[in-house]
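One structure below.
In the numbering used here, the protein residues as written are -14 to 127.
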């Protein structure tokens, strides 16, 4: 479809285009961000977790502020913030996608505390497993 998502869609062409635009800007595979957003919010604009993570990319308010996101529910800002955070995490952890995902879920401090390994939290391990599995299945279909 030329949307950069190889035919995958969030169901909203504007959101698809924000994923692709931000992913290109930060040099990340848009399908990774798509897989992550699917896990984070199931593509629901106003998704909010019980811990306060908000929007499509489930940014924590403090993280959003750090990334320059002023309106956490505004899709373009939320996605750009989430992709920018993933770029920071990938750079921090030597481009290791699993460690970047673990950092996104548990915070980069947790990954560092465990010696740059995925922290032993069942939620984080499941998060990394699910996104890696979904990303793998759409980038390397058997």
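Ideal placement from N, C-alpha and C gives every residue a C-beta, glycine not left out.
For residue i, which option in the options has the closest C-alpha, if you only look at C-alpha atoms?
i	options	result
residue 78	115, 57, 7, 103	103
residue 8	126, 67, 44	67
residue 94	44, 74, 108	74
residue -1	108, 70, 62	62
residue 42	80, 3, 98	3
residue 110	44, 125, 89	89
residue 32	60, 48, 54, 13	60
residue 92	-3, 49, -8	49
residue 101	120, 119, 81	81
residue 47	30, 29, 70	70
At what residues does the alpha helix (DSSP H) containing residue i begin and finish?
i	result
residue 19	15 to 26
residue 124	107 to 124
residue 94	93 to 98
residue 64	60 to 77
residue 103	Segment: none, residue 103 is in no alpha helix (DSSP H) and carries neither H nor E.
residue -2	-2 to 10
Excluding five sequence neighbours on each side, which residues of the same chain lie with their C-beta closer than 6 Å to the C-beta of residue i?
i	result
residue 36	none
residue -11	5, 15
residue 207	Residue 207 cannot be examined here, being either before or after the span of the chain that is shown, -14 to 127.
residue 108	none
For residue i, collect the residues of the same chain with a Cβ closer than 7 Å to its Cβ; drop the 5 residues on either side in sequence, then sort them by chain order.
i	result
residue 116	20, 21, 24, 86
residue 1	-12, -10, -6, -5
residue 38	44, 45
residue 83	103, 113, 117
residue 106	91
residue 54	44, 62, 63, 66
Below 9 Å between beta carbons: does that hold for residue i and residue j?
i	j	result
residue 64	residue 18	yes
residue 40	residue 27	no
residue 11	residue 51	no
Determine which residues share a DSSP beta bridge with residue i and list them.
i	result
residue 33	39
residue 44	39
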